[in-house]
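There are 2 protein chains.
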Amino acid sequence: MTTTSAGPLPQAEGRRGAGAATLRDVARLAGVSIKTVSNVVNDYPHVRPTTRQRVEEAIRTLDYQPNLTARTLRSGRTGALALAVPELRLPYFAELADEVIRAAERRGMVVLIEQTNRDRQREVDLLASARLRMVDGLLFSPLVLGIEDAALIEIDTPLVLLGERMFHPSVDHVTMRNVEAARAATEYLLHRGRRRIAVVGVHPGEVIGTAGLRLRGYREALEHAGIEVDERLFGVADLWHLREGDEATRTLIDSGVDFDAVFAFNDTLALGAIHALRSAGREVPDDVAVMGFDNSDEGMYSIPGLTTIDPGRRRIAESAVDVLLNRIENRGSAARHVEVGFSVVVRESA
Amino acid sequence: MTTTSAGPLPQAEGRRGAGAATLRDVARLAGVSIKTVSNVVNDYPHVRPTTRQRVEEAIRTLDYQPNLTARTLRSGRTGALALAVPELRLPYFAELADEVIRAAERRGMVVLIEQTNRDRQREVDLLASARLRMVDGLLFSPLVLGIEDAALIEIDTPLVLLGERMFHPSVDHVTMRNVEAARAATEYLLHRGRRRIAVVGVHPGEVIGTAGLRLRGYREALEHAGIEVDERLFGVADLWHLREGDEATRTLIDSGVDFDAVFAFNDTLALGAIHALRSAGREVPDDVAVMGFDNSDEGMYSIPGLTTIDPGRRRIAESAVDVLLNRIENRGSAARHVEVGFSVVVRESA
DNA sequence: TAAGCTCTCTACAACGTTGCACACGGCGGT
DNA sequence: ACCGCCGTGTGCAACGTTGTAGAGAGCTTA
Chain P
1 MTTTSAGPLP
11 QAEGRRGAGA
21 ATLRDVARLA
31 GVSIKTVSNV
41 VNDYPHVRPT
51 TRQRVEEAIR
61 TLDYQPNLTA
71 RTLRSGRTGA
81 LALAVPELRL
91 PYFAELADEV
101 IRAAERRGMV
111 VLIEQTNRDR
121 QREVDLLASA
131 RLRMVDGLLF
141 SPLVLGIEDA
151 ALIEIDTPLV
161 LLGERMFHPS
171 VDHVTMRNVE
181 AARAATEYLL
191 HRGRRRIAVV
201 GVHPGEVIGT
211 AGLRLRGYRE
221 ALEHAGIEVD
231 ERLFGVADLW
241 HLREGDEATR
251 TLIDSGVDFD
261 AVFAFNDTLA
271 LGAIHALRSA
281 GREVPDDVAV
291 MGFDNSDEGM
301 YSIPGLTTID
311 PGRRRIAESA
321 VDVLLNRIEN
331 RGSAARHVEV
341 GFSVVVRESA
Chain E
1 MTTTSAGPLP
11 QAEGRRGAGA
21 ATLRDVARLA
31 GVSIKTVSNV
41 VNDYPHVRPT
51 TRQRVEEAIR
61 TLDYQPNLTA
71 RTLRSGRTGA
81 LALAVPELRL
91 PYFAELADEV
101 IRAAERRGMV
111 VLIEQTNRDR
121 QREVDLLASA
131 RLRMVDGLLF
141 SPLVLGIEDA
151 ALIEIDTPLV
161 LLGERMFHPS
171 VDHVTMRNVE
181 AARAATEYLL
191 HRGRRRIAVV
201 GVHPGEVIGT
211 AGLRLRGYRE
221 ALEHAGIEVD
231 ERLFGVADLW
241 HLREGDEATR
251 TLIDSGVDFD
261 AVFAFNDTLA
271 LGAIHALRSA
281 GREVPDDVAV
291 MGFDNSDEGM
301 YSIPGLTTID
311 PGRRRIAESA
321 VDVLLNRIEN
331 RGSAARHVEV
341 GFSVVVRESA
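What follows is the structure in structure tokens.
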């Protein structure tokens, strides 16, 4: 039961060999206690200037750098946050990640990225993952989780949801105004005289996801204008990649239904739609106007330049990091719901 | 806003209140020692089945999950690696990051992303950063550091350089075959009968960076074909964004120099070039053929589809992670230099 | 002169985990 | 009977850091 601690002392190591310098090494060199070195490192004020100098010199000599892991263990704070997105290669998320990393950096944080690959199981696993222990909080942009999964997001790790407000009001959300923006996009097309507006990117039956909300905005605009919604104009596209935009648009064309505009639910789909239209000999915007959504870089120099919605990605990133840090600082506080503004970016395609 | 927490002692919490369960809690509940729980968690074989069951039940009851930070402190391994890229919004790097994250995940690792924003100081700082302590190794894609900075990359953290082999042979590199691929791209254009081939993306004076190497491949192809290199066909573009591709190409057009092909040093530049050419009334590929480099998603559905070089991004990501893990396992081993293969992807633009 | 204060510095204990050494009981072989 | 071994389980120490409590020196104040 008890161990006699006879045997060799642990001092065998000839001091500094491998590994980085620690507080202990600095303390030994400077002839002070470990804690004093720690105090110097952390700018504790009550250290005699001469002592401070000696310590600082030792720090330089040994090129000491604090071990963040040990600090984390002690303090409970890692200085890192996780960003979970469906797929980084989608321009919207790449640009979002870019902005989040910048925003986090300004606040001294670093970002770990997880991809959920539009796989439900991965979204579920992520929330339960021990990985979250490596991180102070999570920014999560769910793609397939829905309200029926509300229980899953009740986790201990501070969490901010991005995208749309679909869960408990008790969870922080930072969202774009999907319905209003989609409505504005549709109204812009109507205002330009288009009356047969197809949509590309529909998820049949979805109500509360991105596709559902944007479709709702579209419906609202039409209804408000007294135009009947024609479901034959719905282009279904599960994924929002170029290929799907192209295929959904071809399907619409082949179906023979008449339309003079396409409202694509993101820019990538819109570019795919343009491709399909031009391949079929229809001019954009003369024959068919095309409207995107996202204002990603790829639409800026396309031909024709893509008219689209700027959903305020940068402010989303900023707010998301702020809200998350706030939540980390103050776990008990009331949930915040931030909705950032949007704008219609007019270029040539519509 | 703040509450004075006078009064109650911190022990008021009736055990499990805040914080997650630890080995200690599980041990207490299962009536065994901490170490035994640890043994169960780590699949140590010599645990009696009945004991194991009891412990596992306690683990489930308390929803115990190991604290990765503590593990890290103990073991020295974090299970994370850093990927440093110039800018995540550039499609090449977004897709690279995507692939790196996938490759890392297959090996049980998670990825932290740093952006250097093509800022020299940030590249320098990154290498010296304490942040690296949070990570087992670094995949670094330098943009502006050059051979003159060789001293800077002598760091303790395991490091693999991506892009081109420009540093000490004593450092691991995973690179694409820039010279050979650019030569193949140029030869393809020559083979198609083009003789006045402009290049877009030149960095004047650069020898050993991406731009320099691709320009070398271009030169080699021309020289081998007995065609003189005409510097008036060099389109300078510092950044490789759509805008710069467009502007550089406009400059070429405005200069009045004659050309029947453009070899852009990446796909984004190529798309910018196509935009400029079409705006100027030149047909692609009839008047001017356009060749890109990267085979990023954006070129797949552009109009016309972009002919380009596939540099083997996926294999780069795979190899990079493998080489890095290898380096982490075995610090003393000889440096490895992996060059992955490439291919010419023919679509419509050339 | 004693009490009290400030300044400077220190020892100790924890954060949660795992490697190490060992204790204990039973078993098989000599 | 003895030895050694195997299977099972334990306690201790350590990873590098920081919060807390307090020690000792020098100063002021009554």
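Residue numbers (full-length UniProt numbering), protein chains in the order written: chain P, 1 to 350; chain E, 1 to 350. Ideal Cβ positions, reconstructed from N, Cα and C, are used throughout, including at glycine. Quick caveat, the model's predicted, so the values are computed rather than measured.
In this structure, does DSSP put residue i in helix, strand or coil?
i              : result
L81 (chain P)  : strand
I309 (chain E) : strand
I113 (chain P) : strand
M291 (chain P) : strand
S129 (chain P) : coil
V344 (chain P) : strand
F93 (chain E)  : helix
A184 (chain P) : helix
Q121 (chain P) : helix
N330 (chain E) : coil
R24 (chain E)  : helix
A350 (chain E) : coil
N39 (chain P)  : helix
G299 (chain P) : helix
V229 (chain P) : coil
I155 (chain P) : coil
Q53 (chain E)  : helix
L145 (chain P) : coil
G14 (chain E)  : Low confidence applies to G14 (chain E): its pLDDT is 30, below 50, so where it sits in the model is not reliable, and the reading given next is rough at best. In the structure shown, G14 (chain E) sits in coil (DSSP, three-state: anything other than H, G, I, E or B).
H168 (chain E) : coil
What does the Cβ neighbour count give for residue i, buried or exposed, with the cut at 16 atoms within 10 Å?
i              : result
D297 (chain E) : buried
H46 (chain P)  : exposed
P8 (chain P)   : With a pLDDT of 32 at P8 (chain P), under the threshold of 50, the modelled position of this residue cannot be trusted; read the value that follows with caution. Classification for P8 (chain P): exposed.
D156 (chain E) : exposed
I147 (chain E) : exposed
S75 (chain E)  : exposed
P49 (chain P)  : exposed
E164 (chain P) : buried
D258 (chain P) : exposed
R313 (chain E) : buried
H241 (chain E) : buried
Y301 (chain E) : buried
E228 (chain P) : exposed
R327 (chain E) : buried
With a CB to CB cut of under 8 angstroms and the five nearest residues on each side skipped, what residues in its chain are close to residue i?
i              : result
A94 (chain P)  : L88
A80 (chain P)  : M109, V110, V111, L112, M134, V135, D136
R118 (chain P) : P86, E87, L143, V144, L239
V202 (chain E) : A211, L215, F234, G235, V236, A237, F265
E114 (chain P) : A82, L83, A84, V85, L126, R131
G217 (chain P) : N178, V179, E180, A181, A182, R183, A184, A185, T186
At which residues does the alpha helix (DSSP H) containing residue i begin and terminate?
i              : result
T69 (chain E)  : 68-75
L138 (chain E) : That residue, L138 (chain E), is in no alpha helix (DSSP H); its beta strand (DSSP E) goes 137-140.
S279 (chain P) : 267-279
Y218 (chain P) : 210-224
S33 (chain P)  : Element bounds for S33 (chain P): n/a, residue is neither H nor E.
V47 (chain E)  : First-last for V47 (chain E): undefined, no H or E at that position.
On the DSSP bridge assignment, give the partners of residue i in chain order.
i              : result
V174 (chain P) : P:L162, P:V338
F234 (chain E) : E:V199
A264 (chain P) : P:V200
Ignore the nearest five residues each way along the sequence and tell me which others in residue i's own chain have a CB closer than 6 angstroms to its CB.
i              : result
E220 (chain P) : R183
A280 (chain P) : I253
V290 (chain E) : V262, A270, A273, I274, V284, S349, A350
E244 (chain E) : A237
Y188 (chain E) : V344
At what residues does the beta strand (DSSP E) containing residue i begin and finish?
i              : result
S255 (chain E) : Per DSSP, S255 (chain E) belongs to no beta strand (DSSP E); it is in the alpha helix (DSSP H), 242-255.
Could you name the residues of the same chain whose beta carbon sits closer than 7 angstroms to that of residue i, not counting the 5 residues immediately before and after it, in chain order?
i                     : result
E78 (chain E)         : The amino acid at residue 78 (chain E) is misidentified as Glu; the sequence shows Thr. So the qualifying residues of the chain are T72, M134, V135, D136.
P204 (chain E)        : V236
Q65 (chain E)         : A20
V41 (chain P)         : P66
residue 351 (chain E) : Nothing about residue 351 (chain E) can be reported from this structure: the residues present for chain E run from 1 to 350 only.
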